[in-house]
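Enquirer: After the structure tokens below, expect a handful of questions from me.
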Amino acid sequence: MRKLFPYIILIVFLKCSLVTLCYSQQVQNKDSLDRKWWKEAVVYQIYPRSFNDSNGDGIGDLQGIISKLDYIKSLGVNVIWINPIYGSPNDDNGYDVSDYRSIMKDFGTMEDFDLLLKGLHERGIKLVMDLVVNHSSDEHEWFKQSRSSRTSPYREYYHWWNAEQGKPPYRYSLFDVNHDAWRYDPLTNAYYLHYFSRKQPDLNWENPKVRQEVYDIMKFWADKGIDGYRLDAFQFAAKDTTFPAFPRGFEKNFNKYYGVQGNLHGYLQQMYKEVLSKYDVMSVAEGAGNTDEDAHNMVDADRHELNMAYAFDGVGIATPEGYSLLHFKEVFTKWDSTFSKKGWLSIFLANHDQARLVSRFGNDSPEFREVSSKMLTTFIMTMRGTPYYYNGDELGMTNAGFTKIEDYRDMPTLNEYQHQKNIGGDLQKFLKRIAFECRDNGRTPFQWSNTENGGFTTGTPWLQVNKNYKTINEADEEKDPASVLNYFRKIVKFRKDNLVLVYGKYAVLDKNNPDTYSYTRELNSKKLLVLLNFTNKNAATNTGINMNNTTVLIGNYEHPSKDGILKPYEAVIYQVN
Ligand code: NOJ
Ligand code: CA
Numbered sequence: 111m112r113k114l115f116p117y118i119i120l121i122v123f124l125k126c127s128l129v130t131l132c133y134s135q136q137v138q139n140k141d142s143l144d145r146k147w148w149k150e151a152v153v154y155q156i157y158p159r160s161f162n163d164s165n166g167d168g169i170g171d172l173q174g175i176i177s178k179l180d181y182i183k184s185l186g187v188n189v190i191w192i193n194p195i196y197g198s199p200n201d202d203n204g205y206d207v208s209d210y211r212s213i214m215k216d217f218g219t220m221e222d223f224d225l226l227l228k229g230l231h232e233r234g235i236k237l238v239m240d241l242v243v244n245h246s247s248d249e250h251e252w253f254k255q256s257r258s259s260r261t262s263p264y265r266e267y268y269h270w271w272n273a274e275q276g277k278p279p280y281r282y283s284l285f286d287v288n289h290d291a292w293r294y295d296p297l298t299n300a301y302y303l304h305y306f307s308r309k310q311p312d313l314n315w316e317n318p319k320v321r322q323e324v325y326d327i328m329k330f331w332a333d334k335g336i337d338g339y340r341l342d343a344f345q346f347a348a349k350d351t352t353f354p355a356f357p358r359g360f361e362k363n364f365n366k367y368y369g370v371q372g373n374l375h376g377y378l379q380q381m382y383k384e385v386l387s388k389y390d391v392m393s394v395a396e397g398a399g400n401t402d403e404d405a406h407n408m409v410d411a412d413r414h415e416l417n418m419a420y421a422f423d424g425v426g427i428a429t430p431e432g433y434s435l436l437h438f439k440e441v442f443t444k445w446d447s448t449f450s451k452k453g454w455l456s457i458f459l460a461n462h463d464q465a466r467l468v469s470r471f472g473n474d475s476p477e478f479r480e481v482s483s484k485m486l487t488t489f490i491m492t493m494r495g496t497p498y499y500y501n502g503d504e505l506g507m508t509n510a511g512f513t514k515i516e517d518y519r520d521m522p523t524l525n526e527y528q529h530q531k532n533i534g535g536d537l538q539k540f541l542k543r544i545a546f547e548c549r550d551n552g553r554t555p556f557q558w559s560n561t562e563n564g565g566f567t568t569g570t571p572w573l574q575v576n577k578n579y580k581t582i583n584e585a586d587e588e589k590d591p592a593s594v595l596n597y598f599r600k601i602v603k604f605r606k607d608n609l610v611l612v613y614g615k616y617a618v619l620d621k622n623n624p625d626t627y628s629y630t631r632e633l634n635s636k637k638l639l640v641l642l643n644f645t646n647k648n649a650a651t652n653t654g655i656n657m658n659n660t661t662v663l664i665g666n667y668e669h670p671s672k673d674g675i676l677k678p679y680e681a682v683i684y685q686v687n
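Under the working numbering, read the sequence shown as residues 111 to 687, first letter to last.
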């Protein structure tokens, strides 16, 4: 949501400054590959609330996931990232943690968690957990203590501004109904800081005790055997606690003024030393800061911070008015070059904060939904970087089709609606916009079958099931060898069988073609050519490669193009002989 996630949008202004990193012309040699399991992984993201409900309360849960482990295995993915499952009052669907060492009651128990982890590991699948430590819930014991008195030992766990100093310098809140990140608390006559909702106070990372608490939490889960962490909103964790005023008009420039500030890199290095270096775990930060250098420094292995960046530039490109493929190519090409020598990145076009992949980047009309889903999946699985794939996209699930505000559950969306009402905004326009981009579109329950509620629950789902479950569902797609689901399996296997797709040099071809995306991936003597048509019409490519010297390996049509003239949304991968 553009208004709700300005930092996603603003990051497009990043400058390409790390010229020294452009080594893409270098010939790679197999021995020089710094092979790592997390580079070779395909990550499948599970949104637990919407995946599968085992007990009929309308909310997905851990037992629900456990009963689908064989399905997950059948996809061929080998890492699961699960959204937060810790104790939480659920202001923001678990991104407001009140107890970091327990399981949210809606989702089950710690025994269920242990079974889930065991079941995944038995199937050779690793588990990455969300680490939500830019902020906690206001119902966390730390915050309850912190707000209780100015002299509480927990006071410095959060950011407070005493009211006798006057009003604190403005800070923008992404989720607050008034977008004011300071909330007055009469109990101690002071304001506390919350970049997200009022119920998500920001933790004070400048306090070494807070950092130690987080490392202990991380060790608790690593000792249980988890395989990695996704650091939620972590780029905002470090702050200048003198809270200088930001230049007028720039208060909302989230990346520049809020991202990767102060000693963030120092905290990551400490986290590496205390925790990450001691376990075989992967680590990925949400957001990549304000500059290429920030992004690069976070994941340059020699600096001992994190493993991979997760930058928003790509996912932020789609708008209700469409998007330019030239821009899309430019962004992905730039990010590839940033990490062509050192560091690593994630490749994704969807997640739980976005509407559906096919509705935003493809074409969800009955005619093109399947083929455009498959084309986008081909893109995600053939780029350099670790692919992240969001649950339900493997079925080609679409946006929800909600028309009224009562259909939505997402807290920031409901707050923004109220905000628009308060300021006399155009509510019809707002509803139209959220129908395209609200993250609830990506959170409707997983469509398992054509039975009631798509087989997700026997009760009332917490968020309406998409009405198209009768035509788009897992059970039916299982039976069809040409389904979106079965194509996903094929292309995941193809990536795993072709190391060149993980480590091979990427080079964009026919760069100025507005309709097609063409690139090669090359490692030692192996060269693959990927051709993708992003339009609903036939489109020619002009790559300079003699198509007579290529062999078709895989494609999303029964009869793939041999000559580089692509059918609508066609995707083909060739071996260049
Ligand atoms: C980013 C998460 O992905 C999003 O879902 C959440 O609402 C915010 N961080 C706050 O934790
Ligand atoms: Ca349930």
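Backbone N, C-alpha and C define an ideal beta-carbon position, used for all residues, glycine too.
All figures in this text were calculated on a predicted structure; none of them were measured in a lab.
(1) Assign Trp-252 to one of two classes, buried (16 or more other C-beta atoms within 10 Å of its C-beta) or exposed (fewer than that).
(2) Using a strict less-than 6 Å threshold between each residue's beta carbon and the heavy atoms of ligand 1, what residues do you get?
(3) Taking the beta strand (DSSP E) that Tyr-325 belongs to, which residues open and close that run?
(4) Is the beta carbon of Phe-556 closer than 8 Å to that of Asn-501?
(5) Measuring alpha carbon to alpha carbon, tell me which of Tyr-368, Ala-348 and Lys-329 ends up nearest Lys-383.
(6) State the beta-bridge partners of Asn-629 as determined by DSSP.
(7) Report yes if the C-beta distance between Arg-260 and Asp-295 is below 8 Å; otherwise report no.
(8) Less than 8 Å between C-beta atoms, sequence neighbours within five positions excluded: which residues of the same chain meet that for Lys-153?
(9) Is it buried or exposed for Glu-526, if we count other Cβ within 10 angstroms and need 16 for buried?
(10) Rounded to whole angstroms, what's the CA-CA distance from Val-137 to Phe-360? Just pull it up for me.
(11) Within 10 Å of its beta-carbon, does Arg-308 have 16 or more other beta-carbons around it, so buried, or fewer, so exposed?
(12) For Gly-229, I'd like the list of residues in its chain whose CB is within less than 6 Å of its CB, leaving aside the five on either flank, ordered along the chain.
(13) Where do the ends of the alpha helix (DSSP H) carrying Ala-545 lie?
(14) Quick one: give me the first and last residue of the beta strand (DSSP E) that Val-238 is part of.
(15) On the three-state DSSP scale, how would you describe Leu-284?
(16) Straight-line CA distance for Asn-659 to Ile-683?
(17) Compare the C-alpha of Phe-458 against each of Lys-451, Met-220, Val-441 and Asp-590 and name the closest.
(18) Ordered along the chain, which non-local residues of its own chain (more than five positions away) have a Cβ less than 6 Å from that of Val-287?
(19) Considering only residues of the same chain and omitting the five flanking positions on each side of Asn-643, which have a CB-CB separation below 6 Å?
(20) From Thr-488 to Ile-601, what distance separates their C-alpha atoms?
(21) How would you label Ala-300, buried or exposed, when you count the other beta carbons within 10 angstroms and need 16 or more for buried?
(22) Check each residue's C-beta against every heavy atom of ligand 2 and list, in chain order, those closer than 5 Å.
(23) Taking all protein chains shown into account, do 16 or more other C-beta atoms lie within 10 angstroms of the C-beta of Cys-132, making it buried, or fewer, making it exposed?
(24) Helix, strand or coil for Trp-572, going by three-state DSSP, please let me know.
(25) If you follow the alpha helix (DSSP H) that Thr-492 is in, where does it begin and where does it stop?
(26) If we ignore side chains and look at the alpha-carbon of each, how far apart do His-245 and Met-392 end up?
(27) Using CA coordinates, which residue listed in Phe-306, Val-385, Asn-314 and Glu-547 is at the minimum distance from Asp-337?
(28) Spatial neighbours of Met-491 within its chain, please: CB distance less than 6 Å, with the 5 preceding and 5 following residues excluded, ordered by chain position.
(29) For Trp-572, which residues from the same chain have a beta carbon less than 6 Å from its beta carbon, with the 5 sequence-adjacent residues on both sides left out?
(30) Is it a yes or a no for the region 399-410 touching the region 426-438, going by three-plus beta-carbon pairs under 8 Å?
(31) Considering Asn-596, what are the terminal residues of the beta strand (DSSP E) in which it resides?
(32) Going by other Cβ atoms of all chains shown within 10 Å of its Cβ, with 16 needed for buried, is Asn-563 buried or exposed?
(33) If you follow the beta strand (DSSP E) that Pro-497 is part of, which residue opens it and which one closes it?
(34) Would you check if the distance between the CB atom of Glu-504 and the CB atom of Val-640 is smaller than 8 Å?
(35) Determine the contact status of Trp-270 and Tyr-302, defining contact as a CB-CB distance below 8 Å.
Expert: So, to answer that:
(1) Counting from 1 along the sequence shown, the entry for residue 252 is found at position 142. Looking at its Cβ environment, which holds 16 or more other Cβ atoms inside 10 Å, Trp-252 is buried.
(2) Here the residues come out as Asp-202, Tyr-205, Val-242, Phe-306, Asp-342, Ala-343, Glu-396, His-462 and Asp-463.
(3) Locating residue 325 in the sequence shown gives position 215, where the first residue counts as 1. Not the beta strand (DSSP E): Tyr-325 falls in the alpha helix (DSSP H), residues 318-334.
(4) Reading the sequence shown from its first residue, position 391 is the one you call residue 501. Reading the sequence shown from its first residue, position 446 is the one you call residue 556. Yes; because the gap between Cβ atoms is below 8 Å, this pair is in contact.
(5) Locating residue 383 in the sequence shown gives position 273, counting from the first residue. Each of Tyr-368, Ala-348 and Lys-329 was checked against the Cα of Lys-383, and the nearest Cα belongs to Lys-329.
(6) Taking the first residue of the sequence shown as 1, we reach residue 629 at position 519. Reading the sequence as shown, one finds Tyr at residue 629 and not Asn. When DSSP reads this structure, Tyr-629 sits in a beta bridge with Val-618 and Val-640.
(7) Here residue 260 corresponds to residue number 150 of the sequence shown, with the count starting at 1. Here residue 295 corresponds to residue number 185 of the sequence shown, with the count starting at 1. It is not a contact, given that the beta carbons lie outside the stated cut-off.
(8) For the purposes of this step, residue 153 is identified with residue 43 of the sequence shown, where counting begins at 1. As written in the sequence, residue 153 is Val, which differs from the Lys given in the question. Cβ neighbours of Val-153 beyond the five flanking positions: Val-187, Val-189, Ile-190, Trp-191, Val-238, Ser-456, Thr-496, Pro-497, Tyr-498 and Tyr-499.
(9) Taking the first residue of the sequence shown as 1, we reach residue 526 at position 416. Buried.
(10) Numbered from its first residue, the sequence shown carries residue 137 at position 27. Numbered from its first residue, the sequence shown carries residue 360 at position 250. Bear in mind that the predicted position of Val-137 carries a pLDDT of just 37, short of 50, making it too unreliable to give a figure here.
(11) Here residue 308 corresponds to residue number 198 of the sequence shown, with the count starting at 1. Buried, because 16 or more other Cβ atoms sit within 10 Å of the Cβ of Arg-308.
(12) As a first step, residue 229 must be located in the sequence shown, where it is residue number 119. So the qualifying residues of the chain are Ile-176 and Leu-179.
(13) On the sequence shown, residue 545 is found 435 positions in, with the first residue counted as 1. Taken as a continuous stretch (DSSP letters only), the alpha helix (DSSP H) holding Ala-545 covers 537-547.
(14) What you label residue 238 is simply residue 128 of the sequence shown in a count that begins at 1. Note, Val-238: beta strand (DSSP E), 236-241.
(15) The residue you call residue 284 lines up with position 174 of the sequence shown. Collapsing the DSSP output to three states places Leu-284 in coil.
(16) Indexing the sequence shown from 1 puts residue 659 at position 549. Indexing the sequence shown from 1 puts residue 683 at position 573. Each residue's alpha carbon lies about 13 Å from the other.
(17) Position 348 of the sequence shown, counted from the first residue, corresponds to residue 458. It is Val-441 whose Cα lies nearest to the Cα of Phe-458.
(18) Within the sequence shown, the letter at position 177 stands for residue 287. Taken in chain order, the residues that qualify are Asn-525, Gln-528 and His-529.
(19) Here residue 643 refers to the residue found at position 533 when the sequence shown is read from its first residue. Closer than 6 Å at Cβ, skipping near neighbours: Thr-626, Ala-649, Leu-676, Tyr-679 and Glu-680.
(20) Working through the sequence shown from its first residue, we reach residue 488 at position 378. Working through the sequence shown from its first residue, we reach residue 601 at position 491. Cα to Cα, Thr-488 sits roughly 7 Å from Ile-601.
(21) Here residue 300 corresponds to residue number 190 of the sequence shown, with the count starting at 1. Classification of Ala-300: buried, given that the 10 Å Cβ count is 16 or more.
(22) Per the Cβ criterion, the list is Asp-163, Asn-165, Asp-167, Ile-169 and Asp-171.
(23) The residue you call residue 132 lines up with position 22 of the sequence shown. Note that Cys-132 scores 31 on pLDDT, short of 50, meaning its location in the model is unreliable; the coordinates nonetheless yield the value given after this. With fewer than 16 Cβ atoms within 10 Å of its Cβ, Cys-132 is classed as exposed.
(24) Within the sequence shown, numbered from 1, the residue matching residue 572 stands at position 462. In this structure, Trp-572 counts as coil in the three-state DSSP scheme.
(25) To locate residue 492, count along the sequence shown from 1; it is residue 382. Looking at the DSSP string, the run of the alpha helix (DSSP H) that includes Thr-492 is 479-492.
(26) The count along the sequence shown starts at 1 and reaches residue 245 at position 135. The count along the sequence shown starts at 1 and reaches residue 392 at position 282. Distance between His-245 and Met-392, taken at the CA atoms: about 22 Å.
(27) Along the sequence shown, read from residue 1 onward, the residue named residue 337 stands at position 227. Asp-337 has its Cα closest to that of Val-385, out of Phe-306, Val-385, Asn-314 and Glu-547.
(28) Translated into the one-based positions of the sequence shown, residue 491 becomes position 381. So the list reads Pro-497, Ile-601 and Arg-605, once near-sequence residues are dropped.
(29) In the sequence shown, residue 572 corresponds to position 462, counting from 1. Result list for Trp-572: Gly-168 and Ile-169, in chain order.
(30) no
(31) Taking the sequence shown and counting its residues from 1, the one referred to as residue 596 is at position 486. Element bounds for Asn-596: not the beta strand (DSSP E) but the alpha helix (DSSP H), 594-607.
(32) Sequence index remark: in the sequence shown, residue 563 carries index 453 (1-based). Buried, since its Cβ has 16 or more Cβ neighbours within 10 Å.
(33) For the purposes of this step, residue 497 is identified with residue 387 of the sequence shown, where counting begins at 1. 496-500 is the span of the beta strand (DSSP E), which, as asked, contains Pro-497.
(34) For the purposes of this step, residue 504 is taken as residue 394 along the sequence shown, with counting starting at 1. For the purposes of this step, residue 640 is taken as residue 530 along the sequence shown, with counting starting at 1. No, the Cβ-Cβ distance between Glu-504 and Val-640 is not below 8 Å.
(35) Counting from 1 along the sequence shown, the entry for residue 270 is found at position 160. Counting from 1 along the sequence shown, the entry for residue 302 is found at position 192. One thing to note: Trp-270 has its Cβ within 8 Å of the Cβ of Tyr-302.
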